[in-house]
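As structure tokens, the structure follows; a few thoughts come after it.
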Amino acid sequence: MTMAMLQRRANVRLPPEVNRVLYIRNLPYKITAEEMYDIFGKYGAIRQIRVGNTAETRGTAFVVYEDIFDAKNACDHLSGFNVCNRYLVVLYYQSNKAFKRIDVDKKMEDLDKLKTKYNLNDEKK
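In UniProt numbering, the protein residues as written are 1 to 125.
Structure below.
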């Protein structure tokens, strides 16, 4: 990359949700990591790919790029890309949203424990 290209990149202001980690949904269940590298590697150097392998995570993957601009380029071009008659959903990974659901589940679990402890139920008398 030339110095002029690097300077232009330094002046580009990316939206706050853009980051190096992409979250991919609607993948074919039988897709391999090698196939993922073939698809996503066209947009830049990849640090890591994690393909979901449990009942809850099948059809999803995380792709971590070395460079944030490569991740943005991949997200822009691969969202809606057809792989084995499935259209990919490519999003930027946002940890605050991912953990928010876990927090809600934990709070509901804690609430249920308190209800049991104090012998409360949801029925109105």
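Beta carbons: idealized from backbone N, C-alpha and C, even for Gly.
Taking the alpha-carbon of residue i as reference, which of the options has the nearest alpha-carbon?
i     : options                         : result
Ala61 : Tyr92, Pro16 and Arg13          : Tyr92
Tyr87 : Asn121, Leu27, Thr32 and Asp105 : Leu27
Glu84 : Met36, Lys106, Asn53 and Pro16  : Checking the sequence, you will find Cys at residue 84 rather than Glu. Here the closest residue by C-alpha is Met36.
Tyr23 : Glu34, Pro16 and Val64          : Val64
Arg13 : Ile68, Thr32 and His77          : Ile68
Pro15 : Ala71, Ile49 and Glu56          : Ala71
Gly80 : Asn19, Arg25, Val18 and Val21   : Arg25
Between which two residues does the alpha helix (DSSP H) holding residue i run?
i     : result
Ala33 : Ala33 to Phe40
Going by DSSP, what residue range makes up the beta strand (DSSP E) through residue i?
i     : result
Leu22 : Val21 to Arg25
Val63 : Ala61 to Tyr65
Val18 : That residue, Val18, is in no beta strand (DSSP E); it is neither H nor E in DSSP.
Roughly how far, in whole angstroms, is the beta-carbon of residue i from the beta-carbon of residue j, given that I think they are within contact range, below 8 Å?
i     : j     : result
Tyr29 : Ala74 : In fact, because the Cβ distance is near 21 Å, the residues do not count as touching under 8 Å.
Are the CB atoms of residue i and residue j nearer to each other than 7 Å?
i     : j     : result
Arg47 : Glu34 : no
List, from N- to C-terminal side, the alpha helix (DSSP H) runs of 4 residues or more that fit wholly inside the region 69–113. If we require 4 residues or more, the region 69–113 turns out to have no alpha helix (DSSP H) run fully inside it.
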